[in-house]
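In the working numbering, the protein residues as written are 7 to 317. For each residue, glycine too, the CB sits at the ideal point set by N, CA and C. Working notes, beginning with the structure itself.
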Amino acid sequence: MTVSEFADTLRQRDDFLILTHTRPDGDTLGSAAALCSGLRRAGKTAVIYPNPEVTEHYLPMVAPYFGPEREGQCVLCVDVAGEEMFPKGFRRGKADLCVDHHAKNPGFAPLTLLDGDKASCGEIVMELIELLCGELTKEEADSLYTAVSTDCGCFVYGNTRADTHRAAAHLMDCGADAKRLNKSLFRSVSYSRLVLEGLIFSSLRAMKDGQLVSATVTLDMMKRAGATEDDCDDLASLPGRVRGNRASVLVRELAPGRSKASIRTDGSVDASAVCARFGGGGHKMASGCTADLGPEELTEALLGAIAEVWP
Ligand SMILES: [Mn+2]
7 MTVSEFADTL RQRDDFLILT HTRPDGDTLG SAAALCSGLR RAGKTAVIYP NPEVTEHYLP
67 MVAPYFGPER EGQCVLCVDV AGEEMFPKGF RRGKADLCVD HHAKNPGFAP LTLLDGDKAS
127 CGEIVMELIE LLCGELTKEE ADSLYTAVST DCGCFVYGNT RADTHRAAAH LMDCGADAKR
187 LNKSLFRSVS YSRLVLEGLI FSSLRAMKDG QLVSATVTLD MMKRAGATED DCDDLASLPG
247 RVRGNRASVL VRELAPGRSK ASIRTDGSVD ASAVCARFGG GGHKMASGCT ADLGPEELTE
307 ALLGAIAEVW P
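Shown next, in the form of structure tokens:
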């Protein structure tokens with residue numbers, strides 16, 4: 007299905023309920039806010055399902071579009087890779103349409119617009135709105151810039167294409183305030199998060215000239231930083247920032263005597279094989295496991311296992 011065929015489908019239907027995914031990120035929320043605005047400008051009735059997990063930071067972007075679920079709505083999913091990703095409280099089997107960029111999307115909705123080459127769903131939604139309404143509003147451009155930039159880590163992740171930059175440039179032409187958004191999305195964290203990072207960095211241990219690095223997050227550190235789960239996004243990527251690093255281990259104490267580990271590698275060490283030995287798994291470059299061990303013990307066990315398969 008092409009973007010223009012999907013735009014035709016949207017023109018033919020009405021009364022949309024837009025669905026974002028569980029643990030919603032900038033892409034699903036920014037795409038939903040912009041698409042809801044675009045559909046309304048195209049004369050349609052559209053609301054966003056009030057996903058209960060939207061964090062404070064993103065609430066002002068989507069909350070104005072929240073509306074109730076009712077009988078007979080056309081359920082339109084954005085950035086939702088599968089029914090297991092449905093927002094909390096929403097029943098499976100009710101999707102009508104889906105716009106997505108996850109290549110693994112199984113086609114759970116009767117009609118899906120899928121482009122697995124895009125770094126973000128926001129880029130597809132941008133094209134859809136322009137087909138429906140001609141131009142983007144500044145507000146839509148801001149929401150879509152949020153979608154595009156967050157899914158590629160501000161144009162740093164490996165999924166960033168020349169097209170991703172072109173989409174961002176176009177959104178800036180349409181009024182997106184990249185300066186303000188980049189600062190608030192990528193250069194600002196909570197005070198607790200910053201204190202927590204400091205404690206994590208002071209636990210760093212480097213081996214093999216920094217090619218192998220470990221760090222821990224204990225319950226005591228969480229308490230000292232005044233950190234909550236909201237402050238713990240992507241902690242696993244912190245130790246791997248050491249220059250020349252090939253494998254990093256972050257172990258987090260979940261409860262006394264129970265810890266969770268995340269391993270990140272450049273691919274030369276198979277993280278999933280190491281984690282499989284502890285009952286975990288994942289991908290070659292990113293895996294995890296949970297064990298009935300304290301953080302120090304689990305770190306030692308994992309470093310030993312990594313040393314055995316070191317290339
Ligand atoms: Mn996405």
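Three or more C-beta pairs under 8 Å: does that hold for the segment 211-226 against the segment 172-186?
no
With distance defined between alpha-carbon atoms, name the residue in E129, S149 and E146 nearest to N165.
E129
I'd like to know whether the C-beta atoms of R29 and E59 end up nearer to each other than 7 Å.
yes
Could you give the C-beta distance for G319 and A153, rounded to a whole number, given that I count them as a contact under 8 Å?
Any property of residue 319 remains undetermined from this structure, which presents the chain solely from 7 to 317.
Quick one, what's near ligand 1 if you take every residue whose CB is closer than 5 Å to any heavy atom, in chain order?
D33, D85, C127 and D157
Tell me, which residues are paired with F72 by DSSP?
BP columns for F72 point to I54.
For L324, which residues in the same chain have their Cβ closer than 8 Å to its Cβ, ignoring the five residues on either side in sequence?
The structure shown does not extend to residue 324, since the chain is modelled only from 7 to 317, so the question has no answer here.
Do the CB positions of V84 and A13 come within less than 7 Å of each other?
In this structure, V84 lies away from A13, with their beta-carbon atoms at least 7 Å apart.
Going along the chain, which residues of its own chain have a beta-carbon closer than 7 Å to the beta-carbon of K100, five neighbours each way excluded?
Cβ neighbours of K100 beyond the five flanking positions: V81.
Pull up the distance between the alpha-carbon of R47 and that of A87, whole angstroms please.
27 Å
Please tell me whether P317 and S265 are closer than 7 Å, where the distance is taken between their beta carbons.
no
Considering only DSSP beta bridges, list what C83 is partnered with.
L25 and C104
With a Cβ-Cβ cutoff of 7 Å, do G246 and R270 count as a contact?
yes
In terms of residues, what are the limits of the alpha helix (DSSP H) holding E136?
C127 to C139
Are L308 and A242 closer than 7 Å when you measure CB to CB?
Against a cut-off of 7 Å, the Cβ pair of A242 and L308 comes out as no contact.
Tell me whether M7 is buried or exposed, calling it buried when 16 or more other Cβ atoms sit within 10 Å of its Cβ.
exposed
I need the straight-line Cα distance from E303 to M132, nearest angstrom please.
49 Å
Please go through the same chain and pick out, in chain order, the residues whose beta-carbon is closer than 6 Å to the beta-carbon of S126, but skip the five residues on each side of it.
D33, A153, V154 and D157
Just verifying my parser: in three-state terms, what is the DSSP assignment at T305?
helix
Quick one: grab the DSSP three-state call for M7.
coil
Is it the case that the segment 56-71 contacts the segment 117-124, given that we only count it when at least three CB pairs across the two stretches are under 8 Å?
no
So what does DSSP say about R230, is it helix, strand or coil?
In the structure shown, R230 adopts helical secondary structure according to DSSP, grouped into three states.
Measuring only the C-alpha atoms, how far is D237 from E259?
15 Å
Which class does M213 belong to by DSSP, given the choice of helix, strand or coil?
Strand.
Could you name the residues of the same chain whose beta carbon sits closer than 8 Å to that of L137, not counting the 5 residues immediately before and after it, in chain order?
V9, S10 and A13
Could you compute how far the alpha carbon of L205 sits from the alpha carbon of A184?
Their Cα atoms are separated by approximately 31 Å.
When burial is assigned at 16 or more other CB atoms within 10 Å of the CB, is A261 buried or exposed?
exposed
What does a CB cutoff of less than 7 Å around S274 pick up in its chain, not counting 5 residues either side in sequence?
R252 and P317
What residue range is occupied by the uninterrupted beta strand (DSSP E) comprising C295?
A292 to A297
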